[in-house]
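Report on one structure; see the data block that follows.
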Amino acid sequence: FNDYRRGDGNCYGAYTLNSGSNWNDTTIPMSFVRGTAFGGFQRQYFQAGGDTSVAWDTKGNAYFDCQMFQRGQPVTPNPDLSSAIYVFRSTGNKGASWNFPARPVVENNDVNGTSRVILEDKPLLTVDNHIGSPFQDRVYVSWTVFATDGTAKIFEAYSSDFGETFSAPVQVTQASPLCPLSVVGKNNCDANQFSQPFTGSDGNLYVVYANFDNRPPAGDNNQNQMLLSRSTNGGASFGAPVLVSPYNDLPDCATYQNGQDPGRACVPEKGPTKNSVFRAVNYPSGAVSPTNSKHVVVTFGSYISKDSNPSNGCVPTGVSAFGNNTYTGVKTAGACNNKILESVSNDGGATFTGTTATNPIALPIVSSASGQQKTDQFWQWAAYGSSDRLAVSYYDRQYGNDETTGSSDVSLTGIGGSAAPGTVRVTSSSMPVPTQFPDTQGNSVFYGDYTGLTVAGHAAYPIWMDTRSKDLALCPGAPAVCGFLEPSGIRANDQDIFTQGTPLP
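Each residue of the sequence shown is one higher than the one before, counting from 117 in this note's numbering.
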C-alpha cells in the first residue's frame, strides 16, 4: 500500500501469520537502488513511490512491485524526473523482509529532466502460480508509459528466474481498428491506462485495460472501452486487442462539485452538499476460473448501465473543458449512479459477452441487490479461489445515507458456480467521506484510486482504505493532540488500511 509516514508517498506492506487476524508492518527497502542506469553512479535515490501490488509463487515466495519516481522542478531544486518500476522478493519469512537492492523491471533515466518519457506509471504484478502451467512461477508486471508525444501505451515485462531479472519491455497494446482516434497515426491504441495482468492454468497471460481511442456511438458521446490483450507465449508477445465492453467513466468533478478537484473525475454525492471530490475513475479487474481455463471474467465500473441511463434521467452530454465526462442527473437522486458490470469470455479471451455490445446497458451488473439500483458502487476488484465462484468486492453507497453524504461502505458479492448470486456488507458501519489531502474546503482530493481482493478457501479478503478513525493535530497551546473540524464542518478523519475475512456469499 501507499504510505506517507516519511512525508511523501512510499511503498509499504503488512503481513499476517494467522490468516489475517493480526498484522505486522513490513518496510520495503526502497530508499535507493543501484545507480547503473542513471549515469553509472553507485546509487540512485528516489523521493517517492507507490502503486504497489503483491503476489505469491508456488514455492512460497512473495513478490512486491513498487513504482519509484522523482518530483523534479519546481517541486524540488533537483531537475531529476527519473521514474522506474522495481520488484522485491520475500523468501522464507512470508513477507517479513524483502531482498535488496530492488530488481528493476524498467528504469527511465531522466536526471536532467529532458526525457521523452514522462512517467512509468501504474504497475500491477501477477505470478503464474498454477502448478503444471508451462510458465509456472513466471512473474509478470504491466504498466503505462506516458510519453511526451501524448501517447499512453501499455507495456509488460516478465521474469523466469524468480524476480532476479526481467525481460525487455514488451508492448501490450497492438494496432487495431478498435482504436480509430489514436493520439498518433491511426488504429494505434495509444491512449490507455489502468492495466491489470492475470493468468490462467493453461499458461495464458491476459492484460486488461481502459482505452480512450474509440469513436463514441451516436447518442452516447462520452463512451470509452475496456480492452484485453492475450499472450500465449509467456509474455513474449501479444495478439490484437479484443473488446471486452464499452463503458462510461465517472463525471467531471469541478462541473458538479463547486469547482473542486479540477481536471479530475469523482463520485459526487446526491443532493446539495459537495464534499465527495476525491479523484476516481472506472477501471477493469479480471480473473480466470480455476476449473475452466477458457472461462475469463472481467469486471469494470460504468456510469451508464441498465440501472443508470437516459430512461431514468442520466444522459451523457459530452465532456468538460478538462476532457472528463458530463451527464444530466449527476446530483439527482435515482438518476445517475455508478455500477460494477461484468463481461464474460468462454473461449479463452477471444470474444466476450460485451464484444458485440454497443452500450453498457446491455451488460449484467454483478449484484442485483435492491438497495444498489439507485446508489453508487465503485472501485471493485475480482478474484477466484479454488472453486468457480467469483468474488467481487467494491465500495458501496447503498447503506444508510451514504448516497447523500458521500460516505461509503464495502460490499462483497459472490457470483457463478451452483449458488445464486449473493451480496453481503463487509464494513460494520459507514465510513465518512475522506478529509486527508484536503482542498481549501477541507475535502479530500485523494483516496487511494483502487482496492484489492484475494480469496483463500471459502473466505474472501477485501482490502480497502478506511476513514472511520479521526485525524489528530496539535492542540492549541498544549503539547497534546486533538481532533478538529475541516472548513466544510466535517470532522477530520484519517485513512487506514483495512481487510476483513468474509465468507463468500
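Just so it is clear, CB atoms sit at the ideal spot from N, CA and C, and this is done for glycine as well.
query, result
"Residue interval of the beta strand (DSSP E) (run including Asp-141)", "140-143"
"Residues that DSSP places opposite Arg-622 in a beta bridge", "Beyond the ends of the chain as shown, which are 117 and 621, falls residue 622; an answer cannot be given."
"Beta-carbon gap between Tyr-500 and Ser-401 smaller than 8 Å", "no"
"Span separating the alpha-carbon of Gly-617 from that of Asp-504", "19 Å"
"Asn-308, DSSP secondary structure in three states", "strand"
"Runs of alpha helix (DSSP H) wholly within the region 504-551 (minimum 4 residues, chain order)", "518-521"
"Buried/exposed call for Cys-430, threshold 16 Cβ in 10 Å", "buried"
"Asn-224, DSSP secondary structure in three states", "strand"
"Cβ pair Phe-416, Tyr-363 closer than 8 Å", "yes"
"Alpha carbon of Pro-619 to alpha carbon of Ala-507, nearest angstrom", "10 Å"
"Residue of Arg-380, Gln-312, Asp-336 minimising C-alpha distance to Met-342", "Gln-312"
"Contact under 8 Å by Cβ, Asp-518 with Gln-488", "no"
"Expected contact under 8 Å - CB spacing of Asn-398 and Leu-366 to nearest Å", "6 Å"
"The beta strand (DSSP E) enclosing Cys-369, as first and last residue numbers", "It is not in any beta strand (DSSP E) - Cys-369 instead sits in the alpha helix (DSSP H) that spans 369-372."
"Within 8 Å, strictly: CB atoms of Ser-527 and Arg-541", "yes"
"Helix, strand or coil at Asn-428 according to DSSP, with G and I counted as helix", "helix"
"Beta-carbon separation (whole angstroms), Val-288 vs Phe-354, contact threshold 8 Å", "5 Å"
"At least three beta-carbon pairs within less than 8 Å, the region 140-156 to the region 232-245", "no"
"First through last residue of the beta strand (DSSP E) which encompasses Gly-136", "Taken as a continuous stretch (DSSP letters only), Gly-136 belongs to no beta strand (DSSP E), as it is neither H nor E."
"Buried versus exposed call for Ile-201 [16 or more other C-beta atoms within 10 Å across all chains shown]", "buried"
"Same chain, Cβ closer than 6 Å to Thr-474, neighbours up to 5 away in sequence not counted", "Pro-333"
"For Gly-487, three-class secondary structure by DSSP", "helix"
"Span separating the alpha-carbon of Ala-370 from that of Asn-391", "12 Å"
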